Amino acid sequence: MQKQYRVLLDAVRQFSVNLTKTVHSQRQLAGQLASLGQQQPELTEEFAYNAEIQRSSVLNAELLLSALETVYQGLSTLVHHTFEDTMLTIKQMNSARIEFDAYRKEAQALKAVSKSPNQNDPSHNRRAEEAAARFSVCEENFSRLKSAVDAKLRLLHENRVRVMQHNLLLLHHATSAYFSGDERKLEQTLKQFSVKTISPYNLPIPRSNNAVSRCNTVNRSQTSYEPHPPVPYTNEQSPQSGTINDPHPGIANGHQLDAQ
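Structure representation (structure tokens):
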């Protein structure tokens, strides 16, 4: 079961990583659309409402990313702490069981020899008593750990059900609201589940060759989509070509982005 939850944990993180990449691309797209809208008056309106829809999508994606981060943290605690603590106690119990069985066999063997009619060796009787004492200690330790395992398995089940009910409901409502474009419902969902809104630039992304690098912290309330200043055409480019020589590659919305 722990392995299955690890796979689920990795899937949630990968979803967050991919969505964060999409947000970065949409920010670039929104900025470029707004810039072209200023440079081409005959298409200002068309560029403007396309830039606005990208901006709205980015804001909704940030809300979904906040929900995904909450789900990830809940799963991470379950996998890396609750499961691990229970498994550690189970391993300790299994070790105690092996020790318990070994001392039990030793104590039984020495006790059987001590009861022999021809056995009058005081040292042997002493070893039998010592073995019986060691077995008693091991038996007590094994019983204690067995009770601890029973208690932790019960708590694990209760915690798992409670955590997953909460996070699965959050994931369902947030995802359905995002893909239906219902920003109000998305905001209400985060408020209902007490989700702290965070910027995608603050999300912990695993380091990999394909992962988007972490950017500087951006407050969502301060995020703007002001277009770049108009850029003059070069001799090789013309308005008819539909291409613009942007002197700020990789810049969107005033934030430095890594190459995708």
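Numbering (UniProt numbering), first residue to last: 1 to 260.
We put the CB at the ideal spot given by N, CA and C, even for glycine.
Being a predicted model, the structure only gives us computed values, none of them experimental.
Query raised in the report: Which word fits lysine 3, buried or exposed, when buried means at least 16 other C-beta atoms lie within 10 angstroms of its C-beta?
Result: Residue mapping note: residue 3 aligns to position 3 of the sequence shown, counting from 1. Exposed, by the Cβ-count rule.
Query raised in the report: Counting pairs of Cβ atoms below 8 Å between the region 150 to 164 and the region 85 to 93, do you hit three or more?
Result: Taking 8 Å as the limit for Cβ pairs, the verdict is that the region 85 to 93 does touch the region 150 to 164.
Query raised in the report: Between glutamate 62 and glutamine 40, what straight-line distance do the alpha-carbon atoms span, to the nearest angstrom?
Result: Residue mapping note: residue 62 aligns to position 62 of the sequence shown, counting from 1. Residue mapping note: residue 40 aligns to position 40 of the sequence shown, counting from 1. In this model, glutamate 62 and glutamine 40 are separated by some 30 Å (Cα to Cα).
Query raised in the report: Between Glu99, Leu59 and Leu110, which lies nearest to serine 123 when the distance is taken from Cα to Cα?
Result: Here residue 123 refers to the residue found at position 123 of the sequence shown. Of the listed residues, the one whose Cα sits closest to serine 123 is Leu110.
Query raised in the report: What residue from Thr175, Arg162 and Glu42 has the CA that sits closest to leucine 65's CA?
Result: For the purposes of this step, residue 65 is taken as the residue at position 65 of the sequence shown. The candidate whose alpha carbon is nearest that of leucine 65 is Thr175.
Query - Which of helix, strand or coil DSSP assigns to valine 163 - result: As a position in the sequence shown, residue 163 is number 163, starting the count at 1. Helix at valine 163.
Requested in this report: Return the chain-ordered list of same chain residues with a C-beta closer than 7 Å to the C-beta of glutamate 99, the five sequence neighbours on each side being excluded.
Outcome: Along the sequence shown, one-based indexing puts residue 99 at 99. Within the same chain, and ignoring the five residues on either side of glutamate 99 in sequence, the residues whose Cβ sits closer than 7 Å to its Cβ are Cys138.
**Report entry** Ordered list of alpha helix (DSSP H) runs contained in the region 77 to 143, each at least 4 residues
**Finding:** For the region 77 to 143, the continuous alpha helix (DSSP H) assignments of 4+ residues that do not extend past its boundaries occur at 84 to 114, in sequence order.
Query raised in the report: Under a three-way DSSP split, which group does threonine 44 fall into?
Result: Taking the first residue of the sequence shown as 1, we reach residue 44 at position 44. Note: threonine 44 maps to helix in three-state DSSP.
Query - Cutoff 7 Å; reference phenylalanine 15; Cβ partners in own chain excluding five residues on either side - result: Counting from 1 along the sequence shown, the entry for residue 15 is found at position 15. Excluding positions up to five away in sequence, the list reads Leu68.
Query raised in the report: When you compare each of Leu186, Gly74 and Met93 to histidine 166 by their alpha carbons, which one comes out closest?
Result: On the sequence shown, residue 166 is found 166 positions in, with the first residue counted as 1. Checking every option, the nearest Cα to that of histidine 166 belongs to Gly74.
Query raised in the report: Using the rule of at least 16 other Cβ atoms within 10 Å of the residue's Cβ for burial, across every protein chain shown, is arginine 162 buried or exposed?
Result: For the purposes of this step, residue 162 is taken as residue 162 along the sequence shown, with counting starting at 1. Residue burial is scored here from C-beta neighbours: arginine 162 has fewer than 16 other C-beta atoms within 10 angstroms and is therefore classed as exposed.
Requested in this report: Indicate whether alanine 30 and alanine 11 have their beta-carbon atoms separated by less than 9 Å.
Outcome: Along the sequence shown, read from residue 1 onward, the residue named residue 30 stands at position 30. Along the sequence shown, read from residue 1 onward, the residue named residue 11 stands at position 11. When the beta-carbon positions are compared, alanine 30 and alanine 11 stay at least 9 Å from each other.
Query - Secondary structure of glycine 37, DSSP reduced to three states - result: Here residue 37 refers to the residue found at position 37 when the sequence shown is read from its first residue. Here glycine 37 sits in helix by DSSP.
Report task. With distances taken Cα to Cα, identify the nearest neighbour of isoleucine 90 among Leu19, Asn159 and Ser143. Result -> For the purposes of this step, residue 90 is taken as residue 90 along the sequence shown, with counting starting at 1. A check of alpha carbon separations from isoleucine 90 across Leu19, Asn159 and Ser143 identifies Ser143 as the nearest.
Query raised in the report: Got a sec, what are the start and stop residues for the alpha helix (DSSP H) threonine 189 sits in?
Result: Mapped onto the sequence shown, residue 189 falls at position 189. Judged by DSSP secondary structure, threonine 189 falls within the alpha helix (DSSP H) whose first and last residues are 183 to 192.
Query raised in the report: According to DSSP, is serine 57 helix, strand or coil?
Result: By 1-based counting over the sequence shown, the position of residue 57 is 57. Serine 57 falls in the helix class under three-state DSSP.
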